[in-house]
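Taking it in order: structure first as structure tokens, then the write-up.
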Amino acid sequence: MIELQSITKRYDGANVVADLSLSVAEGELLVLLGGSGSGKTTTLKMINRLIEPSSGIIRVDGEDVAGIARPKLRRRIGYVFQKVGLFPHLTIAENIAVTPSLLGWDKARIRRRVEELLNLVELDPTSGARFPGQLSGGQEQRVGVARALAAEPKVMLLDEPFGALDPLTRDRLQQSFLAIRKRLGLTAIFVTHDMVEALLLGDRIGVMHQGRLAQLGSPRDLLQRPADDYVRRLTETASRQADLVEKLKHGGGA
Amino acid sequence: MIPQLALLPGYLTAHLQLSLIALALGIGFSVPLGVALTRLPRFERPALAVASVIQTIPSLALLAIMVPALAALGLRSIGFLPAIIGLTLYSILPVLRNTVIGLQGVDRTLIEAADGVGMTGAQRLWRVELPLALPVIVAGIRTATVWTVGMATLATPIGATSLGNYIFSGLQTRNYDAVLLGCVASAGLALLLDGLVRLLETGLRERRRARSWLALGIFALLYLYTGATLLPGLTGARAERPIVIGAKTFTEQYILADILAGQISRATGAPTRIVSSLGSTVAFDALGSGQIDAYVEYSGTIWATLMKRDDVLDRDTVLREVGDWLQTQHGIALVAALGFENSYALAMRGSEARRLDISDLSQLAPTAPRLTIGGDYEFFARPEWRAIQSAYGLAFKDQRILDTSLMYQAAAQGEVDVISAFSTDGRIAGFDLTVLADDRHAIPPYDAIILAGPALARDHPAALAALRNLAGSIDAPRMRAMNAEVDHDHVTPEAVAAQFLGAAGK
Numbered sequence: 000m001i002e003l004q005s006i007t008k009r010y011d012g013a014n015v016v017a018d019l020s021l022s023v024a025e026g027e028l029l030v031l032l033g034g035s036g037s038g039k040t041t042t043l044k045m046i047n048r049l050i051e052p053s054s055g056i057i058r059v060d061g062e063d064v065a066g067i068a069r070p071k072l073r074r075r076i077g078y079v080f081q082k083v084g085l086f087p088h089l090t091i092a093e094n095i096a097v098t099p100s101l102l103g104w105d106k107a108r109i110r111r112r113v114e115e116l117l118n119l120v121e122l123d124p125t126s127g128a129r130f131p132g133q134l135s136g137g138q139e140q141r142v143g144v145a146r147a148l149a150a151e152p153k154v155m156l157l158d159e160p161f162g163a164l165d166p167l168t169r170d171r172l173q174q175s176f177l178a179i180r181k182r183l184g185l186t187a188i189f190v191t192h193d194m195v196e197a198l199l200l201g202d203r204i205g206v207m208h209q210g211r212l213a214q215l216g217s218p219r220d221l222l223q224r225p226a227d228d229y230v231r232r233l234t235e236t237a238s239r240q241a242d243l244v245e246k247l248k249h250g251g252g253a
Numbered sequence: 000m001i002p003q004l005a006l007l008p009g010y011l012t013a014h015l016q017l018s019l020i021a022l023a024l025g026i027g028f029s030v031p032l033g034v035a036l037t038r039l040p041r042f043e044r045p046a047l048a049v050a051s052v053i054q055t056i057p058s059l060a061l062l063a064i065m066v067p068a069l070a071a072l073g074l075r076s077i078g079f080l081p082a083i084i085g086l087t088l089y090s091i092l093p094v095l096r097n098t099v100i101g102l103q104g105v106d107r108t109l110i111e112a113a114d115g116v117g118m119t120g121a122q123r124l125w126r127v128e129l130p131l132a133l134p135v136i137v138a139g140i141r142t143a144t145v146w147t148v149g150m151a152t153l154a155t156p157i158g159a160t161s162l163g164n165y166i167f168s169g170l171q172t173r174n175y176d177a178v179l180l181g182c183v184a185s186a187g188l189a190l191l192l193d194g195l196v197r198l199l200e201t202g203l204r205e206r207r208r209a210r211s212w213l214a215l216g217i218f219a220l221l222y223l224y225t226g227a228t229l230l231p232g233l234t235g236a237r238a239e240r241p242i243v244i245g246a247k248t249f250t251e252q253y254i255l256a257d258i259l260a261g262q263i264s265r266a267t268g269a270p271t272r273i274v275s276s277l278g279s280t281v282a283f284d285a286l287g288s289g290q291i292d293a294y295v296e297y298s299g300t301i302w303a304t305l306m307k308r309d310d311v312l313d314r315d316t317v318l319r320e321v322g323d324w325l326q327t328q329h330g331i332a333l334v335a336a337l338g339f340e341n342s343y344a345l346a347m348r349g350s351e352a353r354r355l356d357i358s359d360l361s362q363l364a365p366t367a368p369r370l371t372i373g374g375d376y377e378f379f380a381r382p383e384w385r386a387i388q389s390a391y392g393l394a395f396k397d398q399r400i401l402d403t404s405l406m407y408q409a410a411a412q413g414e415v416d417v418i419s420a421f422s423t424d425g426r427i428a429g430f431d432l433t434v435l436a437d438d439r440h441a442i443p444p445y446d447a448i449i450l451a452g453p454a455l456a457r458d459h460p461a462a463l464a465a466l467r468n469l470a471g472s473i474d475a476p477r478m479r480a481m482n483a484e485v486d487h488d489h490v491t492p493e494a495v496a497a498q499f500l501g502a503a504g505k
């Protein structure tokens, strides 16, 4: 469904993404995990051409994206931004309706779709008339997800969508997202720097480090057979934290 | 006040035409340019620099330089066109700068989001960037609106009617009701238009349809009115073009323009129009290019300023040579000498002149180093001033430039000791000033002469003949008395002119 072939992105002679190849099967959720500067967001943005690769080929649904006009490509791909990016001068309903209206859907269809989506992301149907400034951070990102889903894309790209939320809100949104994804059978790439989030959501996880794919595998693969030191340190940190929580819960000292 | 109020609809309409058209052009040019500049950042600095430079030109000067600039291009150089161009240029910077700043201020996240949801460049501009930059752009438009309405009053000296006609003629004729009326009306108009722009903006931003439509409706009506009042002037002008009489910016000129116009319409019934408060050289240039048909000039001005002569000959010789020169160099006819001189003359307080026992310039010279002289905007740059200085060896302690409307009062109140007066000015007697005789004849004669452009002789020989009949009809005491009636007794120039023509007709 999504295929990256030897993708390289250079800025001022330095490789931000270096010779990266991966593919995501239909209905699969791939998590790209890495620290800041690892190249994970750059990789994501090259898929819908917010950033153009220096070399390499990207295919979505078998089609080379370089041959598709950017607006047309992006209307086919749902994108959720880290900073949400809701348009403050438009209502929630208008924000959600943005891509369908660009695609020329008729008003009745758009209205039905907006209702459906508010319901799907568990927002009060009356909130459609409100403006983004009146929402909490969690509600805003629910709208962000709804906007990305509005034009019924088969492919979703999510750039650390829950990174800025408090732990409880984040957990609720993660659960919502998992449910939505299952229901719609979405193919998705989800970027995060949070190991636990990656383990929780990903069918497979691609660990990125210094512009390269350090390891690509199932959560179990990563935990049981880390490919290198970096991956091992990442998984060990997560395990140690989990162990600590377990110990504390059972009354043991650290 | 009542006759002044009767002029208000005409002045207000003309002012509205200037302001609305200049603003529409300025905004129509600046907003798209601002958008283009945010797409071509390379040109942003140079373009804003040019706009800033235009803004640093004093507004009066910007309008004034439109006159020779357009004349050099062979276009209509006085009246509506130069005013519109000057005002439009002036409105560019605030709108352009705010458009650029407003668009640059749009959150990068939202730009990326707009791209991410699949907007094209144009969709992003219309749906995201412009709406979000709107408050900043509108702030620029509001600045431009207030500036343009205010600056449109300065269109009067370049021949475009505006509320400035009240201010310029009011200052000259000491009619402060008129000055006040002009200021209040233009301030009111500025506030009204500013309020409308604001209404439109809040209507759009807060999505109050009724409010936006109300503001748009009023604007539409104003523009319709502007168009409807402007069209006949643009299209029908050729069919029945009135005979246009020019007037410079002082009382005597207003009265004489009314006399010329009245004389023509009485004798021929032809329609006439007066373009008043023209700058000094603007009037001559306008006559040469056929934009006005006649006005009253002074022989010495042509002699000294245009012919660059510095010898002083007698009145008749100067008249003859000036007439020949005008005809051969410019095709302009010297129609008639009105019969009086209005020359530059130095004047001082009567009491002071008697105390110091000064009655002519030779006697002034020894005392001059202790005195201050005040002159109008052009006096100290004129050849007459150099001629007086060298003929009498005059050297003053200090010299100050004053507006003619304030100069006489400044002399009367002792703020300056000597002024460059005009010999027929009604205020000389009014303020008890004494004119000092030019005993060595350093200043050339200044006969008031009617000049007519080539078109008048060709198209309206009867009008030319009517003007010729005014030869010798006004002597200096008569002119001084008429000036005093306007300046001191606040009779309107029209009324004084009508009275003169009525008496002359009997």
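First to last, the sequence lines map onto chains P and D.
Heads up: the first sequence is residues 0 to 253, going by numbering that gives the first Met the number 0.
Heads up: the second sequence is residues 0 to 505, going by numbering that gives the first Met the number 0.
Idealized CB from N, CA, C, for every residue including glycine.
The model shown is predicted, which means the values in this text are computed figures rather than measured ones.
Proximity of residue i and residue j at Cβ, strictly below 8 Å
i	j	result
Ile157 of chain D	Met65 of chain D	yes
Tyr407 of chain D	Ile400 of chain D	no
Gly287 of chain D	Ile442 of chain D	no
Ser168 of chain D	Ala177 of chain D	yes
Ala475 of chain D	Leu463 of chain D	no
Leu159 of chain D	Ala256 of chain D	At residue 159 of chain D the sequence reads Ala, which differs from the Leu that was named. No, the pair does not count as a contact, with Cβ atoms beyond the cut-off.
Ile100 of chain D	Val135 of chain D	yes
Gln252 of chain D	Ala246 of chain D	yes
Pro218 of chain P	Leu198 of chain P	yes
Ile76 of chain P	Val59 of chain P	yes
Asp227 of chain P	Ala213 of chain P	yes
Leu116 of chain P	Leu156 of chain P	no
Thr186 of chain P	Ile1 of chain P	yes
Ile473 of chain D	Phe339 of chain D	yes
Rounded separation between residue i and residue j - CA only
i	j	result
Phe249 of chain D	Phe421 of chain D	10 Å
Ile140 of chain D	Thr37 of chain D	18 Å
Leu179 of chain D	Ser18 of chain D	20 Å
Gln3 of chain D	Val243 of chain D	21 Å
Val190 of chain P	Leu3 of chain P	16 Å
Leu305 of chain D	Pro40 of chain D	49 Å
Ala293 of chain D	Gln171 of chain D	21 Å
Trp384 of chain D	Val105 of chain D	60 Å
Val485 of chain D	Asn341 of chain D	17 Å
Thr144 of chain D	Ala113 of chain D	32 Å
Ala254 of chain P	Leu49 of chain P	A query on residue 254 of chain P cannot be resolved here, the shown segment of chain P reaching from 0 to 253 and no further.
Phe283 of chain D	Thr12 of chain D	27 Å
Thr423 of chain D	Arg479 of chain D	5 Å
Residues near residue i in its chain [Cβ-Cβ closer than 7 Å; skip 5 each side]
i	result
Arg308 of chain D	Trp302
Ala128 of chain P	Thr90, Ala92
His329 of chain D	Gly287
Partners in chain P for residue i, counting only beta-carbon separations shorter than 7 Å
i	result
Gln171 of chain D	Going along chain P, no residue has its Cβ under 7 Å from Gln171 of chain D, so there is no contact; the nearest lies around 52 Å.
Start-to-end residues for the alpha helix (DSSP H) that takes in residue i
i	result
Leu435 of chain D	No alpha helix (DSSP H) contains Leu435 of chain D, which DSSP labels as neither H nor E.
Asp202 of chain P	Segment: none, Asp202 of chain P is in no alpha helix (DSSP H) and carries neither H nor E.
Val178 of chain D	175–204
Range of the contiguous beta strand (DSSP E) that encloses residue i
i	result
Ile157 of chain D	Premise fails: Ile157 of chain D is in no beta strand (DSSP E) and is neither H nor E.
Asn14 of chain P	13–23
Asp158 of chain P	154–158
Tyr294 of chain D	293–297
Met347 of chain D	343–348
Contact set between residue i and chain D, taken where Cβ atoms lie within less than 8 Å
i	result
Asn47 of chain P	Gly115
Same chain, Cβ closer than 8 Å to residue i, five either side skipped, listed in chain order
i	result
Leu432 of chain D	Ala346, Met347, Arg348, Gly349, Tyr407, Ala410, Ala411, Ile418, Ala420, Arg426
Gly132 of chain P	Pro87
Gly12 of chain P	none
Val317 of chain D	Ser298, Gly299, Trp302, Pro443, Pro444, Asp446
Per-residue contacts from residue i into chain D (C-beta, under 7 Å)
i	result
His88 of chain P	Pro130, Leu131
Pro70 of chain P	Gly117, Met118, Thr119
Gly132 of chain P	Those do not exist, as Gly132 of chain P stays about 13 Å from chain D at its closest Cβ, beyond 7 Å.
6 Å CB neighbourhood of residue i in its chain, flanking five on each side removed
i	result
Ser264 of chain D	Thr271
Met118 of chain D	none
Cross-chain neighbours of residue i in chain P, by beta carbon under 9 Å
i	result
Gln122 of chain D	Pro70, Leu101
Leu213 of chain D	By Cβ distance, chain P contributes nothing, its closest Cβ being about 21 Å from Leu213 of chain D, past 9 Å.
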